[in-house]
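These notes are about the structure you will find just below.
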Amino acid sequence: MSSDCSQINQLSVCQSSDTPITIFPFNEKLEQSDCSVQFILITDPICSTAWSYNGELLKLLLEYGHAINWSVLMGGLLPSWNDFDRGGIKLPADVFGHWQEVGLKNNAPIDGALWNSNPVRSSYPANKAVICGFKQSPIKGLRLLRALSEGVFVFNENISMLEVLIQKVRTSGLDVKQFLHDYKWHASDQLKTELTISESFEVKWLPSVIMCDQAGRYLKLEANLDYECLESMVLSLDSSIEKRPIALSILELLDLLGNLSTKEVCVLTGVSLARAEQQLHTFYEQGLLEKLSFHNSF
Numbered sequence: 402m403s404s405d406c407s408q409i410n411q412l413s414v415c416q417s418s419d420t421p422i423t424i425f426p427f428n429e430k431l432e433q434s435d436c437s438v439q440f441i442l443i444t445d446p447i448c449s450t451a452w453s454y455n456g457e458l459l460k461l462l463l464e465y466g467h468a469i470n471w472s473v474l475m476g477g478l479l480p481s482w483n484d485f486d487r488g489g490i491k492l493p494a495d496v497f498g499h500w501q502e503v504g505l506k507n508n509a510p511i512d513g514a515l516w517n518s519n520p521v522r523s524s525y526p527a528n529k530a531v532i533c534g535f536k537q538s539p540i541k542g543l544r545l546l547r548a549l550s551e552g553v554f555v556f557n558e559n560i561s562m563l564e565v566l567i568q569k570v571r572t573s574g575l576d577v578k579q580f581l582h583d584y585k586w587h588a589s590d591q592l593k594t595e596l597t598i599s600e601s602f603e604v605k606w607l608p609s610v611i612m613c614d615q616a617g618r619y620l621k622l623e624a625n626l627d628y629e630c631l632e633s634m635v636l637s638l639d640s641s642i643e644k645r646p647i648a649l650s651i652l653e654l655l656d657l658l659g660n661l662s663t664k665e666v667c668v669l670t671g672v673s674l675a676r677a678e679q680q681l682h683t684f685y686e687q688g689l690l691e692k693l694s695f696h697n698s699f
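Quick note: the sequence shown, position 181, residue 582 per my numbering, numbers continuous.
Following this line, the structure appears as structure tokens:
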């Protein structure tokens, strides 16, 4: 098996293996579906890199979602601040500067002020919330993941607090009573399972994408999710898959997906960042959308 995206940069390496793997229940899910490729995203609602590449992931699902069987696993980025040391980050205040850098580099809407005033104590509560969301509905689970990330990055909401999680669950259209039951009795064990799966793939950076074919061969991409590489992974596993280009206008995408950043619009429509900004500003002046401005994007 080969891939033309052997290396994008230091933190984005596409690895491949022709050695068959068996990761239950993904092989079984693939066998039971009409799809030839299993897509596994390992992420975390507070991962700034994942937030920066959300447009690329949305584009992949819109263009190839008909042919891939997808799953989302939680990566447990921040268990707690006790003895935490990852990438030079040891304290909540360290995250603020890191998020500012990521936002500026990737044109992602990130505020980050909460790290200096009301820091997230752990990402595990949000991880468990997403697990409960997917247990009810894959689509609503994705909606909840988006709402949690948007809440922490854009609106400085502390998503380690149960009351914030419940509010996001409710606005995502999920059953709150079922969520609370699953959060108490199911989520912790499932999170342990998902972290074990992540370890089995030797995931070192989030977000990570693993794609497997029906023979169990797989490709792995960590950190910076370049779209061309994601697309190459799909086609390396099954070259017969046909792309379904996005044929939606900006307003149709906003109606389908909800809030979008300028960069996400740029990625999804294929226009330049400057052109996306211009079009969005025109729609804003026409009263067709609302705008939130940031130091680096909107």
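From the three backbone atoms N, C-alpha and C, an ideal C-beta is built for every residue, glycine too.
So who's on the other strand from N470, going by DSSP bridges?
In the DSSP assignment, N470 is bridged to Q439.
Classify M475 as helix, strand or coil using the three-state DSSP reduction.
Note: M475 maps to strand in three-state DSSP.
Give the range of the alpha helix (DSSP H) segment to which V521 is assigned.
Counting along the chain, V521 falls outside any alpha helix (DSSP H), and DSSP gives it neither H nor E.
Look at the alpha carbon of A468 and the alpha carbon of I540, and state the distance between them as a whole number of angstroms.
One C-alpha to the other measures close to 16 Å.
So, do the segment 555 to 573 and the segment 521 to 529 have three or more beta carbon pairs nearer to each other than 8 Å?
Yes: the two stretches touch, three or more of their Cβ pairs being nearer than 8 Å.
Please state the DSSP three-state secondary structure of I376.
Since the first residue shown for the chain is 402 and the last is 699, residue 376 is missing from the structure and cannot be characterised.
Taking one C-beta from the segment 488 to 507 and one from the segment 532 to 549 each time, how about it: are there three or more such pairs within less than 8 Å?
Not touching, per the Cβ criterion.
Over the uninterrupted alpha helix (DSSP H) stretch that includes G542, give me the two end residues.
First-last of the alpha helix (DSSP H) with G542: P539 to V555.
Is the distance from the Cβ of L474 to the Cβ of S589 below 8 Å?
No, the pair does not count as a contact, with Cβ atoms beyond the cut-off.
Extent of the continuous alpha helix (DSSP H) run through N455:
Start and end: N455 to Y465.
Stretch-stretch touch, CB-based, cutoff 8 Å, three pairs: the segment 547 to 557 with the segment 567 to 575:
Result yes; three or more Cβ-Cβ pairs closer than 8 Å.
Measuring only the C-alpha atoms, how far is L626 from E457?
Rounded to the nearest angstrom, the two C-alpha atoms are 7 Å apart.
Based on DSSP bridge pairs, tell me the residues matched to T444.
Answer is M475.
Alpha carbon of L654 to alpha carbon of F497, nearest angstrom
Taking the CA atoms as reference points, L654 sits about 31 Å from F497.
Please state whether DSSP places F485 in a helix, a strand or coil.
In the three-state reduction of the DSSP assignment, F485 falls in the coil class.
S694 - containing alpha helix (DSSP H), residue span:
No residue range can be given for S694, since it is assigned to no alpha helix (DSSP H) and is classified by DSSP as neither H nor E.
Nearest by alpha-carbon distance to G542: which of E595, L636, F554 and N528 is it?
Looking only at E595, L636, F554 and N528, the smallest Cα-Cα distance to G542 is reached by N528.
Given L566 as reference, the closest of P526, P510, E686 and C448 once Cα atoms are compared
Residue P526 is the option with its Cα nearest to L566.
Suppose you measure from the CA of K569 to the CA of N660; what does that come to, to the nearest Å?
So the alpha carbons of these two residues sit roughly 15 Å apart.
Alpha-carbon spacing of L596 relative to Q687, whole angstroms:
One C-alpha to the other measures close to 47 Å.
Answer with buried or exposed for Y685, where buried requires no fewer than 16 other C-beta atoms within 10 angstroms of its C-beta.
Classification for Y685: exposed.
Inter-residue spacing [alpha-carbon to alpha-carbon] between D614 and K621
Going by the C-alpha atoms only, they are around 12 Å apart.
Residue closest to I611, alpha-carbon to alpha-carbon, out of M634, L592 and E665:
Checked all of M634, L592 and E665; the closest Cα to I611 is M634.
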